[in-house]
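Asker: For the sequence shown, position 370 matches number 370 in our numbering, and the numbering has no gaps at all.
Using N, Cα and C, we set each Cβ at its ideal position, and we do this for glycine too.
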Amino acid sequence: MSYKYVPEPFRIKMVETIKMLTKEERIEKAKEANYNMFNLRGEDVYIDLLTDSGTNAMSSKQWAGVMEGDEAYAGAKSYYKLVDAGKDIFGYEFIQPVHQGRAAEKVLFPLMMGPGKVAISNMFFDTTRAHVEIAGARAIDCVVAEAKDPSKRAPFKGNMDVEKLERLINEHGPENVALIVMTITNNSAGGQPVSIQNLREVYEVSRKYNIPLDIDAARFAENAYFIKQREEGYADKSIKEIVREMFSYGDSFTMSAKKDAIVNMGGLIGIKDNAELYQKVKGNTISFEGFVTYGGLSGRDLEALSIGLYEGIDEDYLKYRIGQMEYFAAKLDEAGIAYQSPVGGHGLFIDAAALLPHLKYNDFPGHALAVQLYIEAGIRTCDIGSYMLGNDPDTGEQLESEFEFTRFAIPRRVYTQAHIDIMVDALIKIKENAKDVPGYKITWEPPILRHFQAHLEPKK
Ligand code: F0G
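This is the structure:
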């Protein structure tokens, strides 16, 4: 069955020329970068899929908004426009801009937790986990079991395991669980959505034990679209209605606006109705980010963000956005290439261990595939596997990840059907010559978050 590409609901008004290197040149660039994709210069990459964060294309309306941005230090018109958009879309009383997602976490989390406390999530994103730990607490993941089986096609693989959540709350004692975090969509599980039913059930648990619930809302609009497509009773609801219902099952949200709000920089904190908490959020914002009415952003960013929030929930746009991902996935099904399925909202996570069966976890298959994709086709992706996981802090031994994924994170409104076809062709070509793809060894690594900086070399 061939899947039809959903045509772009926009036309292209401005283009950015990309350099076309030869394969020989790319082999040289990879070597110069010590085989670490983060060390490549962006201009040496043809299709850049390192992240979907801040890499989106803004619309002509957003660019017009940039010119309208009010740069007043206090009380800018653009701030009020953003607050109105936030209240309208999410139904929360208090909206605080910050410069990106991790800034929202840095401002909010220390107000809610400290040493001796735990926070439980369907799955924490790396920076979210880090800010729980910086606040002195511990972060626990509690995703449903099917998230861990890449070949199992379940509609809501991002869900929280509700039974396990209650068990964990009772084990730690409700008074020690400072926060429940629902990440929508669930990035670390492959951009997998969370159902309304699951959001509701988790909210009920949070009421039962009197624990606040924060929504990590980076990809809230993609999550809403999946609910519309997959959950009974939601097909005829508007995306905005679904978003409103999703956020009714939370007390606060932290958002990296660099994803679904289709801007290059920005973040938000939303507080449903807790005026006391909002007062403290304002205090931390002033200390860390800047005055309340700009929160680390320029007026032009606030303006672009207030427009992007509406463009991100436009149904024609979401149909195209998710359609593009489904087209990519359907092509891989045809080619027999395994990935975390069904495809997520923002990324396709290739099962590199299945594609390169001759490589063991400590040959870093996810990374080996990423390097090969760059050499073959100028595509930049990243490893989500043992290479990213790193070493055991006690023994110094390489840890073995449950998965060896290579993540294709797709920027919004940036690449066309032909670019997707190039990605598919590159994967097919690599699959055909899989045994020629070398494993990698690390020749130098820093003590923490090594994957960003390490030097590697192909194993011969
Ligand atoms: N929460 C989630 C679910 C995220 O995916 C990210 C960022 C953040 C929080 C932090 O936001 O980058 O604006 O500070 N994810 C990016 C990624 C970096 O590539 O998945 P930020």
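What three-state label does DSSP hand I262 in the structure shown?
Answerer: Against the sequence shown, residue 262 aligns to sequence position 262. Coil at I262, not helix or strand.
Asker: Give me the Cα-Cα distance between I242 and N176, rounded to the nearest whole angstrom.
Answerer: Looking up residue 242 in the sequence shown gives position 242. Looking up residue 176 in the sequence shown gives position 176. Taking the straight line joining both Cα atoms gives about 32 Å.
Asker: Do the stretch 94 to 113 and the stretch 330 to 340 touch if we need at least three Cβ pairs shorter than 8 Å?
Answerer: They do not touch, by the three-pair rule.
Asker: Touch check for the stretch 353 to 368 and the stretch 231 to 245: three-plus C-beta pairs under 8 Å?
Answerer: The stretch 353 to 368 vs the stretch 231 to 245: no contact.
Asker: Hey, could you find the ends of the alpha helix (DSSP H) M67 is sitting in?
Answerer: Taking the sequence shown and counting its residues from 1, one reaches residue 67 at position 67. Looking at the DSSP string, the run of the alpha helix (DSSP H) that includes M67 is S60 to E68.
Asker: For V263, which residues of its own chain have a beta-carbon under 8 Å away from its beta-carbon, when the five flanking residues on both sides are left out?
Answerer: Start at 1 with the first residue of the sequence shown, and residue 263 comes out as number 263. Closer than 8 Å at the Cβ level, and outside the excluded window around V263, lie G54, N56, M58, Q62, A257, D301, A304, L305 and G308.
Asker: Which residue spans inside the stretch 29 to 112 form an unbroken beta strand (DSSP E) run of at least 3?
Answerer: Whole beta strand (DSSP E) segments, 3+ residues: 94 to 98.
Asker: If you reduce the DSSP assignment to three classes, tell me which class H358 lands in.
Answerer: Within the sequence shown, residue 358 is the residue found at index 358, counting from 1. Here H358 sits in coil by DSSP.
Asker: Does any CB atom of chain D fall closer than 8 Å to the CB of Q100?
Answerer: Within the model displayed, chain D is absent; a lone protein chain is all it includes.
Asker: Whether or not the stretch 272 to 279 and the stretch 422 to 441 are in contact is what I'm after, with contact meaning three or more pairs of Cβ atoms, one per stretch, closer than 8 Å; do they touch?
Answerer: No: fewer than three Cβ pairs fall under 8 Å.
Asker: In the DSSP output, which residue or residues are listed as bridge partners for C382?
Answerer: Translated into the one-based positions of the sequence shown, residue 382 becomes position 382. R407, per the DSSP bridge assignment.
Asker: Apart from the five residues just before and just after H367, which ones in its own chain have a Cβ nearer than 6 Å to its Cβ?
Answerer: Looking up residue 367 in the sequence shown gives position 367. Only D383, Y387 and Y440 meet the Cβ criterion.
Asker: Considering I322, what are the terminal residues of the beta strand (DSSP E) in which it resides?
Answerer: Within the sequence shown, the letter at position 322 stands for residue 322. Premise fails: I322 lies in the alpha helix (DSSP H), E315 to A335, not in any beta strand (DSSP E).
Asker: Going by the DSSP bridge assignment, what does V118 pair with across the sheet?
Answerer: Your numbering for residue 118 matches position 118 in the sequence shown. R138 and V177.
Asker: From the DSSP output, which residues share a beta bridge with T254?
Answerer: Counting from 1 along the sequence shown, the entry for residue 254 is found at position 254. Answer by DSSP bridge pairing, in chain order: D216 and I269.
Asker: Please tell me whether, using a cut-off of 7 Å, the distance from the CB of R102 to the nearest non-hydrogen atom of the ligand FMN is below it.
Answerer: Absence of the ligand FMN is noted for the structure shown, with the ligand F0G being the only ligands found.
Asker: Determine the direct distance from the alpha carbon of G390 to that of K152, and round the result to whole angstroms.
Answerer: Position 152 of the sequence shown, counted from the first residue, corresponds to residue 152. Position 390 of the sequence shown, counted from the first residue, corresponds to residue 390. Between K152 and G390, the C-alpha separation is close to 27 Å.
Asker: How about A335: is its Cβ closer than 7 Å to a heavy atom in the ligand F0G?
Answerer: By one-based count along the sequence shown, residue 335 stands at place 335. No, the Cβ of A335 stays beyond 7 Å of every heavy atom of the ligand F0G.
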